[in-house]
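Contents: one structure, followed by commentary.
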Amino acid sequence: MFSKSKINDPAPKADDAAKPASPERASDSARSDSGGTEFKASAPKAKPPASVLSSDLHVTGNLKTTGDIQVEGTVEGDIRAHLLTIGEGATIKGEVIADDVVINGRIVGRVRGLKVRLTSTARVEGDIIHKTIAIESGAHFEGSVQRQDDPLNSKGAAQKPAAAAQQPAASGSSASASSSASAPQQQPAAKSGS
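Numbering (our numbering), first residue to last: 17 to 210.
Here you go:
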């Protein structure tokens, strides 16, 4: 009696025509193929929107995501994200690590980012380690700025050589720079003890 008309339905997109109609069909067709073929993954999912921490929110603890975060409130802890936007009224007390950092508010702590941008309302008390940086006129910054090719992973890389230098000294290797540096420190301590 009644039928659904396709007059008002949007036309299928070119991408939709190439895709199977449903995941069940795709898996059925993959199963029905000869045994040597693999199932092909579907198109990547859309990127989720940024997580927003509102101005009335106070977070105590670390935040870690592969997505985007927009902070409007207060965070006492470290933040690691893909894109981090700090609002004008926001305060962060801790280390910030992100591919992209846009600072409109206040940070007390170290900032590590591939691209770091301090707007005219930014207030940063701490060191900035970056690949590229932009500081607008009017931004307040107290600390040092250091450029590195890989600022996101340099913290772990700096600890690895130190640990590697300590291991040969502990195992009794005589050809390491750390064991010759530690020997003079041990001798004065022995002299002061006698």
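The beta carbon of each residue, even a glycine, is placed where N, CA and C say it ideally should be.
Minimum Cα-Cα distance from Asp72 among the listed residues Gly105, Ile149, Asp165 and Glu141 corresponds to Gly105. In this structure, the beta-carbon distance from Lys131 to Thr148 falls below 7 Å.
Judged by DSSP secondary structure, Ala66 falls outside any beta strand (DSSP E); it is assigned neither H nor E. Here the C-alpha atom of Ala150 lies approximately 25 Å from the C-alpha atom of Leu79.
For Gly129, the beta-bridge partners assigned by DSSP are Ala114 and His146. Non-local C-beta neighbours of Ala97 in its own chain, meaning closer than 6 Å and more than five positions away in sequence, comprise Thr81, Ile85 and Ala114, ordered along the chain. When the alpha-carbon of Ile119 is set against those of Leu134, Arg163 and Pro60, the nearest one is in Leu134. By the Cβ-count criterion, Pro64 is exposed, with fewer than 16 other Cβ atoms from all chains shown falling within 10 Å of its own Cβ. Note on geometry: alpha-carbon atoms of Asn169 and Ile102 lie some 22 Å from one another. Taking a 10 Å sphere around the C-beta of Gly77, we find fewer than 16 other C-beta atoms and assign the residue as exposed.
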